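J.: In our numbering, the protein residues as written are 373 to 609.
Ideal Cβ placement from N, Cα and C applies to all residues, glycine included.
If you're wondering where the values come from, they're calculated on a predicted model, not measured in any experiment.
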């Protein structure tokens, strides 16, 4: 009888030890998360995103993590005070991955940024991996993680400070000046082909100009402007 009780206690104790340790997930108010640079000082849990609305699900074995359904996404809206390149540290686990690893794509503001390959962990999660993203000031940037192969699980991200300084829009002869509801292209000379696209690649306007400046009205958003084939991203507020 004593042996049975002892065996039962050991079984129960080992079962307790096998329960995954859960993080204290803190989600913030809608006003807080829209403060520029808020995510430079706070960990952004995937559980605090609209994971359900983007087709993902809670990971059954540890609901601190978000698990992908096939091809689903997890999206992190982020606002910053300076244009530039930032480092994102992704904290993740593995629901399942074969020897070639689980893969996901990273899209930023609707554009492909990079693809990550994540392998089975040799220690308890979370593991971390860094990647860089280009973000824009006073804009609702969205860092999207999309499942491609196998089943990574996502705890969240930590944003690190601007590593490249302000993105220049006048590195060559012409200058693009965004304003409220419009853009102005200055310092043009001769004949120039100007093309304006949405961030998803849909063309909005295409024309040749011979004046020294060009103005075009646009709604608030992120656009790609090409002058003689040279492309730059522009945020219109």
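Using the Cα positions of residue 466 and residue 518, report the straight-line distance between them to the nearest angstrom.
T.: Here residue 466 corresponds to residue number 94 of the chain shown, with the count starting at 1. Here residue 518 corresponds to residue number 146 of the chain shown, with the count starting at 1. Taking the straight line joining both Cα atoms gives about 15 Å.
J.: Is residue 531 near residue 498, with beta carbons less than 7 Å apart?
T.: Taking the chain shown and counting its residues from 1, the one referred to as residue 531 is at position 159. Taking the chain shown and counting its residues from 1, the one referred to as residue 498 is at position 126. No, the Cβ-Cβ distance between residue 531 and residue 498 is not below 7 Å.
J.: List the endpoints of the continuous alpha helix (DSSP H) containing residue 402.
T.: On the chain shown, position 30 is the one that residue 402 refers to. Judged by DSSP secondary structure, residue 402 falls within the alpha helix (DSSP H) whose first and last residues are 402-405.
J.: Between the C-alpha atoms of residue 512 and residue 558, what's the straight-line distance to the nearest angstrom?
T.: In the chain shown, the residue the question calls residue 512 occupies position 140. In the chain shown, the residue the question calls residue 558 occupies position 186. Residue 512 and residue 558: Cα-Cα distance of roughly 27 Å.
J.: For residue 419, name the three-state secondary structure that DSSP assigns.
T.: Translated into the one-based positions of the chain shown, residue 419 becomes position 47. Reduced to three states, the DSSP call for residue 419 is helix.
J.: Quick one: Cα of residue 514 to Cα of residue 550, how far?
T.: Numbered from its first residue, the chain shown carries residue 514 at position 142. Numbered from its first residue, the chain shown carries residue 550 at position 178. Rounded to whole angstroms, residue 514 to residue 550 spans 20 Å at the Cα level.
J.: For the candidate residues 584, 569, 427, whose alpha-carbon lies nearest to that of residue 578?
T.: As a first step, residue 578 must be located in the chain shown, where it is residue number 206. Measuring from the Cα of residue 578, the nearest candidate turns out to be 569.
J.: Report the CB separation of residue 445 from residue 426 in whole angstroms; it is logged as a contact under 8 Å.
T.: Taking the first residue of the chain shown as position 1, residue 445 is located at position 73. Taking the first residue of the chain shown as position 1, residue 426 is located at position 54. Confirmed, about 5 Å.
J.: Report the option in 589, 602, 533 whose CA atom is closest to the CA atom of residue 452.
T.: For the purposes of this step, residue 452 is identified with residue 80 of the chain shown, where counting begins at 1. Comparing alpha carbon positions, the residue from 589, 602, 533 closest to residue 452 is 533.
J.: Helix or strand or just coil, what does DSSP make of residue 440?
T.: Translated into the one-based positions of the chain shown, residue 440 becomes position 68. Coil at residue 440, not helix or strand.
J.: Could you check how far apart the C-beta atoms of residue 588 and residue 555 are, in whole angstroms? I think they sit under 8 Å.
T.: Here residue 588 corresponds to residue number 216 of the chain shown, with the count starting at 1. Here residue 555 corresponds to residue number 183 of the chain shown, with the count starting at 1. Between residue 555 and residue 588 the Cβ distance is about 6 Å, and since that is below 8 Å, they are a contact.
J.: What is the rounded straight-line gap between the Cα of residue 410 and the Cα of residue 561?
T.: To locate residue 410, count along the chain shown from 1; it is residue 38. To locate residue 561, count along the chain shown from 1; it is residue 189. CA-to-CA, the gap between residue 410 and residue 561 works out to about 42 Å.
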